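Okay, so here's the structure we're looking at.
Numbering (full-length UniProt numbering), first residue to last: 1 to 514.
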């Protein structure tokens with residue numbers, strides 16, 4: 001796992017039905033503003049998206065179905081067996097074999113959001129079904145990880161022992177201990193993020209599998225109640241987690257989960273939750289933050305702003321929601337490079353840069369939110385965004401989103417793609433155990449380190465992996481033991497899939513998730 005993405009980087013309406021008639025007339029105007037012909041596919045984003053979704057298949061645990069990755073096989077089949085649970089599914093976190101529930105749930109929430117907003121665009125390049133299948137592989141795990149109202153299993157494996165091994169997941173032989181949160185050892189942020197994942201996924205599957213959708217929503221409601229009524233950080237309850245996915249607070253996850261539950265249910269109590277005292281306590285109104293596996297505030301602000309863009313009278317004039325939208329505007333103003341309030345957290349060539357560990361998480365997550373916000377503006381015919389007296393159009397925000405995607409895909413000083421498999425030049429020494437070991441070799445825990453240390457490129461290409469990324473000086477060391485820059489993560493894949501799905505063709509926001 002991106003070891004020290006570890007210590008979290010916190011700081012800095014109902015679905016997809018396309019409106020016909022008047023909306024179809026408006027599409028022509030929207031397309032004109034975007035400068036694209038109706039239905040035009042941007043080939044580079046299409047090619048990149050088709051690669052990016054494949055990394056989820058590489059990360060799958062369990063008995064694989066219709067496996068398309070020649071060097072992957074069944075693994076983790078006994079996960080959960082000690083507690084008489086089937087936790088064989090889910091996805092490995094990064095280049096290791098850990099299942100960390102906190103970032104895995106975030107992966108599911110972001111992937112759900114991407115499908116809900118851009119499912120038609122995924123479908124235009126035949127990637128929607130694949131994305132839905134990957135999402136369900138995670139939510140099946142999350143359902144089984146929640147066997148009782150106030151019990152959630154949040155980790156499979158011992159990270160210290162896991163990181164003392166270098167072998168293929170198919171060849172794991174050691175014990176895989178389970179870690180849980182409960183009312184005595186709470187973990188509000190993990191329970192709330194899992195509730196967000198379940199609630200958002202319930203919308204994705206609402207039409208295709210109503211029974212499964214209802215199951216997900218039931219778990220989401222239970223987990224949110226558990227998270228809210230038993231407040232406490234899992235970093236305090238279970239100090240061992242601090243070394244890897246340390247939490248810097250749970251208020252953002254409570255708001256994020258409640259926002260998704262409002263979209264999934266229409267229940268006013270969830271809207272009251274985010275706009276009342278909890279919003280005042282946790283939302284950090286007026287203070288832009290970075291969207292990440294740790295901090296969901298910027299995502300919550302953008303998600304709730306869609307209610308003020310598209311909601312009915314009960315939401316469009318809601319003063320609490322206006323605070324979220326104003327803060328979302330502040331986030332966008334900070335991202336626009338020429339804005340008076342532009343963040344200085346950038347490389348010389350314009351990549352958002354916040355952390356040397358897992359550096360690409362922040363530019364990709366920021367660009368994903370920017371793509372969404374620009375689409376909200378276009379669809380609602382919101383002509384401009386005011387940034388400290390200067391005005392910007394939706395097209396300016398979308399231009400920023402494209403700039404970050406283009407940098408990742410090779411428009412950078414190294415002329416190298418950070419998405420494995422894309423273009424002619426990309427990392428060949430990705431920090432990923434399965435990719436580094438020949439599929440016909442079966443080294444044990446310790447024997448496999450010869451493959452970590454070899455100077456040969458990986459024998460298996462981790463197609464679609466988004467590596468950690470460049471340093472602030474825009475250099476990148478392609479070495480397998482450089483986990484800081486060279487380790488991909490499953491949650492980064494959800495973000496890049498969302499971003500590419502937003503850019504692949506003409507964007508127009510769905511006005512309701514139900």
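Here a beta-carbon is modelled for each residue, glycine too, at the ideal position from N, C-alpha and C. This one's a predicted model, so the numbers in the text were calculated from it and none came from an experiment.
Simplified DSSP state of residue i, which is helix, strand or coil
| i | result |
| --- | --- |
| residue 62 | strand |
| residue 447 | coil |
| residue 69 | coil |
| residue 518 | Nothing about residue 518 can be read from this structure; the chain reaches only from 1 to 514. |
| residue 497 | helix |
| residue 122 | helix |
| residue 44 | helix |
| residue 233 | coil |
| residue 505 | strand |
| residue 391 | strand |
| residue 153 | strand |
| residue 514 | coil |
| residue 309 | helix |
| residue 128 | helix |
| residue 98 | coil |
| residue 452 | helix |
| residue 5 | Because residue 5 sits at a pLDDT of 42, beneath the cut-off of 50, its placement in the model cannot be relied upon, and the following sentence gives the value as read from the coordinates. Helix at residue 5. |
| residue 484 | helix |
| residue 160 | helix |
| residue 209 | coil |
| residue 104 | helix |
| residue 466 | strand |
| residue 419 | strand |
| residue 148 | strand |
Buried or exposed by the 16-neighbour rule on C-beta atoms within 10 Å, applied to residue i
| i | result |
| --- | --- |
| residue 236 | exposed |
| residue 176 | buried |
| residue 460 | buried |
| residue 409 | buried |
| residue 348 | exposed |
| residue 477 | exposed |
| residue 103 | buried |
| residue 173 | exposed |
| residue 430 | buried |
| residue 381 | exposed |
| residue 117 | buried |
| residue 193 | buried |
| residue 455 | exposed |
| residue 307 | buried |
| residue 204 | buried |
| residue 483 | buried |
| residue 338 | exposed |
| residue 479 | exposed |
| residue 462 | buried |
| residue 121 | buried |
| residue 475 | exposed |
Whole-angstrom C-beta distance between residue j and residue i, which should lie under 8 Å
| i | j | result |
| --- | --- | --- |
| residue 373 | residue 336 | Rounded, the Cβ-Cβ distance is 11 Å, inconsistent with contact. |
| residue 350 | residue 273 | In fact, because the Cβ distance is near 38 Å, the residues do not count as touching under 8 Å. |
| residue 150 | residue 183 | 5 Å |
| residue 50 | residue 125 | 7 Å |
| residue 481 | residue 452 | 6 Å |
| residue 84 | residue 74 | Incorrect: roughly 20 Å between the Cβ atoms, too far for contact. |
| residue 330 | residue 371 | Wrong, their Cβ atoms sit about 18 Å apart, outside the cutoff. |
| residue 305 | residue 325 | 4 Å |
| residue 271 | residue 227 | That belief does not hold up - the Cβ atoms of residue 271 and residue 227 are roughly 18 Å apart, past 8 Å. |
| residue 527 | residue 57 | With the chain running from 1 to 514 in the structure shown, residue 527 is simply not present. |
| residue 168 | residue 437 | 5 Å |
| residue 322 | residue 366 | Rounded, the Cβ-Cβ distance is 22 Å, inconsistent with contact. |
| residue 433 | residue 95 | 6 Å |
| residue 156 | residue 87 | 6 Å |
Residue-chain proximity (residue i, chain B), Cβ-Cβ < 8 Å
| i | result |
| --- | --- |
| residue 293 | Any reference to chain B falls outside this structure, which holds one protein chain only. |
*Segments of 4+ residues assigned as alpha helix (DSSP H) that fall wholly inside the segment 173–198*: Entirely contained in the segment 173–198, not one alpha helix (DSSP H) run reaches 4 residues.
*Uninterrupted alpha helix (DSSP H) stretches inside the segment 263–289 (no shorter than 4 residues)*: As far as the segment 263–289 is concerned, its whole alpha helix (DSSP H) runs of at least 4 residues are 268–275 and 277–282.
*Counting only runs of 4+ residues fully inside the segment 344–386, write out the alpha helix (DSSP H) ranges in chain order.*
DSSP runs (the alpha helix (DSSP H)) wholly in the segment 344–386: 361–379.
*Are at least three pairs of beta-carbons, each pair with one atom in the segment 119–135 and one in the segment 98–105, less than 8 Å apart?*
The segment 119–135 makes no contact with the segment 98–105; the number of CB pairs closer than 8 Å stays below 3.
*Is the segment 353–365 in contact with the segment 287–299, if contact means three or more CB pairs nearer than 8 Å?*
The segment 353–365 vs the segment 287–299: in contact.
*asked:* Closer than 8 Å is the cut-off here; do at least three beta carbon pairs connect the segment 491–503 with the segment 463–473?
replied: Contact holds: three or more Cβ-Cβ distances are below 8 Å.
*asked:* Pairs of beta-carbons, one from the segment 484–492 and one from the segment 439–451, closer than 8 Å: are there three or more?
replied: Taking 8 Å as the limit for Cβ pairs, the verdict is that the segment 439–451 does not touch the segment 484–492.
_Assess contact between the segment 199–209 and the segment 107–116, defined as three or more Cβ pairs (one per stretch) separated by less than 8 Å. Is contact present?_
In short, these stretches touch, since the Cβ pair count reaches three.
*asked:* Would the segment 231–245 count as touching the segment 183–190 if we require 3 or more Cβ pairs under 8 Å?
replied: Because the criterion of three Cβ pairs below 8 Å is met, the segment 231–245 and the segment 183–190 touch.
*Is there contact here, the segment 424–435 with the segment 380–396, by at least three beta-carbon pairs under 8 Å?*
Too few Cβ pairs lie closer than 8 Å, so no.
*Stretch-stretch touch, CB-based, cutoff 8 Å, three pairs: the segment 214–221 with the segment 238–247*: No: the two stretches stay apart, fewer than three of their Cβ pairs being nearer than 8 Å.
*asked:* So, does the segment 243–263 touch the segment 299–318, judging by three or more C-beta pairs under 8 Å?
replied: Cβ pair count under 8 Å is three or more, so yes.
*asked:* To test your reading of the DSSP string, which unbroken alpha helix (DSSP H) runs of 4 or more residues are found completely within the segment 310–342?
replied: Correct list: 313–316 and 319–335.
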